[in-house]
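Some notes on the structure that comes next.
Protein chains: 4
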Amino acid sequence: MTSFPHSLLSGYRSFNSQRLPTEQARYRELSERGQAPEIMVIGCCDSRVSPEVIFDAGPGELFVLRNVANLVPVYAPDGAVHGVSAALEYAVQVLRVKHIVVLGHAQCGGIRAFVDKTEPLSPGDFIGKWMQMFETAAQGVDQAPQEPISQFLTRLEQAGVKRSLHNLMTFPCINVLVGRGKLQLHGAYFGVAEGSLSVLDHDSGEFREVTEAFAG
Amino acid sequence: MTSFPHSLLSGYRSFNSQRLPTEQARYRELSERGQAPEIMVIGCCDSRVSPEVIFDAGPGELFVLRNVANLVPVYAPDGAVHGVSAALEYAVQVLRVKHIVVLGHAQCGGIRAFVDKTEPLSPGDFIGKWMQMFETAAQGVDQAPQEPISQFLTRLEQAGVKRSLHNLMTFPCINVLVGRGKLQLHGAYFGVAEGSLSVLDHDSGEFREVTEAFAG
Amino acid sequence: MTSFPHSLLSGYRSFNSQRLPTEQARYRELSERGQAPEIMVIGCCDSRVSPEVIFDAGPGELFVLRNVANLVPVYAPDGAVHGVSAALEYAVQVLRVKHIVVLGHAQCGGIRAFVDKTEPLSPGDFIGKWMQMFETAAQGVDQAPQEPISQFLTRLEQAGVKRSLHNLMTFPCINVLVGRGKLQLHGAYFGVAEGSLSVLDHDSGEFREVTEAFAG
Amino acid sequence: MTSFPHSLLSGYRSFNSQRLPTEQARYRELSERGQAPEIMVIGCCDSRVSPEVIFDAGPGELFVLRNVANLVPVYAPDGAVHGVSAALEYAVQVLRVKHIVVLGHAQCGGIRAFVDKTEPLSPGDFIGKWMQMFETAAQGVDQAPQEPISQFLTRLEQAGVKRSLHNLMTFPCINVLVGRGKLQLHGAYFGVAEGSLSVLDHDSGEFREVTEAFAG
Numbered sequence: 001m002t003s004f005p006h007s008l009l010s011g012y013r014s015f016n017s018q019r020l021p022t023e024q025a026r027y028r029e030l031s032e033r034g035q036a037p038e039i040m041v042i043g044c045c046d047s048r049v050s051p052e053v054i055f056d057a058g059p060g061e062l063f064v065l066r067n068v069a070n071l072v073p074v075y076a077p078d079g080a081v082h083g084v085s086a087a088l089e090y091a092v093q094v095l096r097v098k099h100i101v102v103l104g105h106a107q108c109g110g111i112r113a114f115v116d117k118t119e120p121l122s123p124g125d126f127i128g129k130w131m132q133m134f135e136t137a138a139q140g141v142d143q144a145p146q147e148p149i150s151q152f153l154t155r156l157e158q159a160g161v162k163r164s165l166h167n168l169m170t171f172p173c174i175n176v177l178v179g180r181g182k183l184q185l186h187g188a189y190f191g192v193a194e195g196s197l198s199v200l201d202h203d204s205g206e207f208r209e210v211t212e213a214f215a216g
Numbered sequence: 001m002t003s004f005p006h007s008l009l010s011g012y013r014s015f016n017s018q019r020l021p022t023e024q025a026r027y028r029e030l031s032e033r034g035q036a037p038e039i040m041v042i043g044c045c046d047s048r049v050s051p052e053v054i055f056d057a058g059p060g061e062l063f064v065l066r067n068v069a070n071l072v073p074v075y076a077p078d079g080a081v082h083g084v085s086a087a088l089e090y091a092v093q094v095l096r097v098k099h100i101v102v103l104g105h106a107q108c109g110g111i112r113a114f115v116d117k118t119e120p121l122s123p124g125d126f127i128g129k130w131m132q133m134f135e136t137a138a139q140g141v142d143q144a145p146q147e148p149i150s151q152f153l154t155r156l157e158q159a160g161v162k163r164s165l166h167n168l169m170t171f172p173c174i175n176v177l178v179g180r181g182k183l184q185l186h187g188a189y190f191g192v193a194e195g196s197l198s199v200l201d202h203d204s205g206e207f208r209e210v211t212e213a214f215a216g
Numbered sequence: 001m002t003s004f005p006h007s008l009l010s011g012y013r014s015f016n017s018q019r020l021p022t023e024q025a026r027y028r029e030l031s032e033r034g035q036a037p038e039i040m041v042i043g044c045c046d047s048r049v050s051p052e053v054i055f056d057a058g059p060g061e062l063f064v065l066r067n068v069a070n071l072v073p074v075y076a077p078d079g080a081v082h083g084v085s086a087a088l089e090y091a092v093q094v095l096r097v098k099h100i101v102v103l104g105h106a107q108c109g110g111i112r113a114f115v116d117k118t119e120p121l122s123p124g125d126f127i128g129k130w131m132q133m134f135e136t137a138a139q140g141v142d143q144a145p146q147e148p149i150s151q152f153l154t155r156l157e158q159a160g161v162k163r164s165l166h167n168l169m170t171f172p173c174i175n176v177l178v179g180r181g182k183l184q185l186h187g188a189y190f191g192v193a194e195g196s197l198s199v200l201d202h203d204s205g206e207f208r209e210v211t212e213a214f215a216g
Numbered sequence: 001m002t003s004f005p006h007s008l009l010s011g012y013r014s015f016n017s018q019r020l021p022t023e024q025a026r027y028r029e030l031s032e033r034g035q036a037p038e039i040m041v042i043g044c045c046d047s048r049v050s051p052e053v054i055f056d057a058g059p060g061e062l063f064v065l066r067n068v069a070n071l072v073p074v075y076a077p078d079g080a081v082h083g084v085s086a087a088l089e090y091a092v093q094v095l096r097v098k099h100i101v102v103l104g105h106a107q108c109g110g111i112r113a114f115v116d117k118t119e120p121l122s123p124g125d126f127i128g129k130w131m132q133m134f135e136t137a138a139q140g141v142d143q144a145p146q147e148p149i150s151q152f153l154t155r156l157e158q159a160g161v162k163r164s165l166h167n168l169m170t171f172p173c174i175n176v177l178v179g180r181g182k183l184q185l186h187g188a189y190f191g192v193a194e195g196s197l198s199v200l201d202h203d204s205g206e207f208r209e210v211t212e213a214f215a216g
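Which chain is which? The protein sequence lines are A, B, C and D, in order. Numbering-wise (UniProt numbering), the first sequence opens with residue 1 and increments by one. Numbering-wise (UniProt numbering), the second sequence opens with residue 1 and increments by one. Numbering-wise (UniProt numbering), the third sequence opens with residue 1 and increments by one. Numbering-wise (UniProt numbering), the fourth sequence opens with residue 1 and increments by one.
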């Protein structure tokens, strides 16, 4: 047990002594009544992009799925194992969340690996196979002449959020609820360098930064 | 844009005005140098079990995969898409993390669905297919006569953490690094009601609660 | 057993009586914990260029591959036997080394054989086949009019180090780790006559001699 | 240049200030006359088993090939690239060494990977392909009932040395020179824990430890 990372034990002690006392009642209530979050966030595993931190969320608020590059596959009832689809099914049909937010971010390593066409790192080529899902997102998004790679990557990362939102709509249970106004889908993008948040404007198809004033 | 959940905008404003100022330099540095976390956490989507909250982690510290019931499949280089394996490949081979923590928790909805043998909620039966992975974890873990269901579920949840740890060892890149002491695997369990943390003691196979004194 | 070279037995006696006593604890520790070197050196078989001697390295410090002319092939996952690639895989994925140093040297016999276009010495023409790998290194490096052969050979030897570094980057596992700053590649060149060491400056592409002052 | 590992620069400074002054004349002579070692050592890349250290060898004494598990392939004039064979051709036909020593050692990671039947770590499975060469060495060497794994591994490691010696004899140039008494082949084994050296007695087929008295 002593081998458990010290930073985690130390972090838990901070949680236990500082944050938990103010939230103990909430945790107990959530334990007894069960969770009932209204929002699901689909984010990336990236260590710089924690949904609970960025949205300053308390216990019970966000049902969070995190995978490499915040990808959502197309609906496929083919009898195979689909981890993202299982989480969606649980969030939408069991928890009846009202919002699903796809949260992309800058400097995404998965998307960079896709652009660099990294050779397989293992016999399973797990990253490569996983990022193949990104191909439809990347279609039509080409690097412009003299466009800096960072700008191109940003456009790809944001296209990825839009594609995940598009793929969410291929799930019948989501499609029907969105159509009836019972469920809303949102896109967001976290700029790691500035700690900035942008939100997808469905009308214009653009991501717009949330300013202090706007956020107020 | 106005449809973006108010609670998230409000939460971001809190982050932006309170936490970000103290961490702005760190975010910028992480943007320029890239992430380099030493710890990967495999947790559940559950809204009550945020790794960053429980471990009071700052940006760049935890590479976090979250799926239903914190499951890890067996290594299968079969050319199919494997989201967990992709995240593992990235964490172990690209980021070279030194620790992988499987974080289970009380009142897990995925495991409850497994026990209740919930009928398919959709033609894809995504939860059902996903939780089939739990069958090997559940083998040999039977409800004792007069054992309260809550106690049985706890035992199942902890067996699930152990099974995920076992399956991690089927990945060659993990197996070989663990064998050489370059990578460590850990099991942890969050008790939602009390906000308690237990850590798996590999020798005894038991989860032991982290007390204030121990954590110090 | 008496046929075992006397010089080696005598040398072992020196090691055993002089160096081993001061390093016995280290050897035992390395035996129990396994090796964990942070540096891999790819050097030449040449009897004048021992990495452990030049870098005054103790047990456990350098993982050392030595072949004719310190060559690294291009990554080729073709199912064939590749000795250098096997050592790289072990160093990078199993030992997780942080540095790979390609150590070239003056008066390299392999490179001289390449320049002299030596006829095959055996039906296998093993040296010839092996040094074919050097052809891409030698491209564009031509002997200038009136350039002394020794100077031309030095330029070739240093071009060989650069080519080996270039080829290292064709290995996906190396490429991705270098890109993330988790692994560094270095070039070095040993001048046998003076016992001098030069280090490749990646910016200028030049080898610069390590002076006493600099090394301090 | 400043990124060059500090430990190597520091080590070079030690070499430059302490050992080089006493060997400067020897290095210069070796530079002018060329190397003329009488002994070739075929050793493992392992960081704990440096031939120059174990045999306290000076510049010009040992022509050293090092690969994973000190393996020698069977002679194969098939037009393919063979690194070990190239080094052998150079040592035997160009340098005319009088001795070839295969130096095995305890706790060999390559042999351990062979025994553990480690799954491929990369699409090239370079370690796996390389260690297939060990199969003939391992034939007939089975773990006895209740034999400790460490003892079994020692027997395998020593069988590997013998197999490499056997394979050396498949090279016509070596076979003929050994037959005429112009070249001798030797097996040795380094015990990392104690820093012990054992030498293969060709008559008995046993490795016998070199004691202080014997070494004298």
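Even for Gly, the Cβ is constructed at its ideal location relative to N, Cα and C.
Residue 39 of chain A sits away from residue 150 of chain B, with the two beta carbons spaced by 9 angstroms or more. The residues 99, in chain order, have a CB closer than 6 angstroms to that of residue 184 of chain C in the same chain once the five nearest residues on each side in sequence are set aside.
Distances from the alpha-carbon of residue 5 of chain A to those of B:12, B:31, B:159, B:97 put B:97 closest.
Close to chain A, meaning a Cβ-Cβ distance shorter than 7 angstroms, are the following residues of the segment 165 to 186 of chain C: 172, 173, 176. When rounded, the separation of the alpha-carbon atoms in residue 84 of chain A and residue 72 of chain A is 7 angstroms.
Contact between the segment 7 to 22 of chain B and the segment 61 to 79 of chain B is absent, with fewer than three C-beta pairs closer than 8 angstroms.
The beta carbon of residue 5 of chain A sits no closer than 9 angstroms to any beta carbon of chain C. Residue contact check for residue 137 of chain C against chain D: no CB pair falls below 9 angstroms.
By the Cβ criterion, the segment 115 to 125 of chain A is not in contact with the segment 202 to 209 of chain A, since fewer than three pairs of Cβ atoms, one from each stretch, lie closer than 8 angstroms.
Between residue 125 of chain D and chain C, the shortest Cβ-Cβ separation is below 9 angstroms.
Around residue 163 of chain C, no beta-carbon contact reaches into chain B at under 8 angstroms, the shortest distance being about 25 angstroms.
Inter-segment contact for the segment 155 to 171 of chain D and the segment 22 to 40 of chain D is absent: fewer than three beta-carbon pairs are separated by less than 8 angstroms.
The segment 53 to 61 of chain D and the segment 138 to 147 of chain D do not touch, with fewer than 3 CB-CB distances between them shorter than 8 angstroms. The three-state reading of DSSP puts residue 16 of chain C in helix, counting H, G and I together. Residue-level contact by beta carbon fails for residue 144 of chain A and chain B, as no gap is shorter than 9 angstroms.
With a threshold of 9 angstroms between beta carbons, residue 106 of chain A makes no contact with chain C. In this structure residue 106 of chain C touches residue 193 of chain C by the C-beta definition: roughly 7 angstroms separates them, less than 8 angstroms.
For residue 164 of chain D, the enclosing alpha helix (DSSP H) begins and ends at 149 to 168.
Identification of chain C residues near residue 34 of chain B by a Cβ-Cβ cut-off of 8 angstroms yields 180, 181, ordered along the chain. As DSSP reads the structure, residue 100 of chain C sits in a beta bridge with C:40, C:185. With 16 or more other Cβ atoms from the protein chains shown falling within 10 Å of its own Cβ, residue 64 of chain D counts as buried. Comparing C-alpha distances from residue 129 of chain C to each of D:175, D:11, D:189, D:80 shows the shortest one belongs to D:80. Look at residue 196 of chain D: its C-beta is not under 9 angstroms from any C-beta on chain A.
Residue A:162 holds the alpha-carbon nearest to the alpha-carbon of residue 139 of chain A among A:162, A:108, A:147. Secondary structure remark: continuous alpha helix (DSSP H) runs of at least 4 residues inside the segment 57 to 137 of chain B, in chain order: 83 to 89, 109 to 115, 126 to 131. Contact of residue 27 of chain C with chain A is not assigned, every C-beta pair being separated by 9 angstroms or more. In the structure shown, the three-state DSSP call for residue 3 of chain D is coil. In its chain, beyond the 5 residues on either side, 41, 186, 188 have a beta carbon closer than 6 angstroms to the beta carbon of residue 101 of chain C.
By the neighbour-count definition (other C-beta atoms within 10 Å, threshold 16), residue 51 of chain D is a buried residue. According to DSSP, residue pairing for residue 191 of chain D in a beta bridge involves D:196.
Taking the C-beta atoms as reference points, residue 191 of chain D is found no nearer than 9 angstroms to residue 200 of chain D. In chain order, 123 make up the part of chain A whose C-beta sits under 7 angstroms from the C-beta of residue 120 of chain D. Within 10 angstroms of the beta-carbon of residue 93 of chain C lie 16 or more other beta-carbons, which makes it buried. Rounded to the nearest angstrom, the gap between the Cα atoms of residue 21 of chain A and residue 211 of chain B is 15 angstroms.
Secondary-structure assignment with DSSP links residue 207 of chain A through a beta bridge to A:200.
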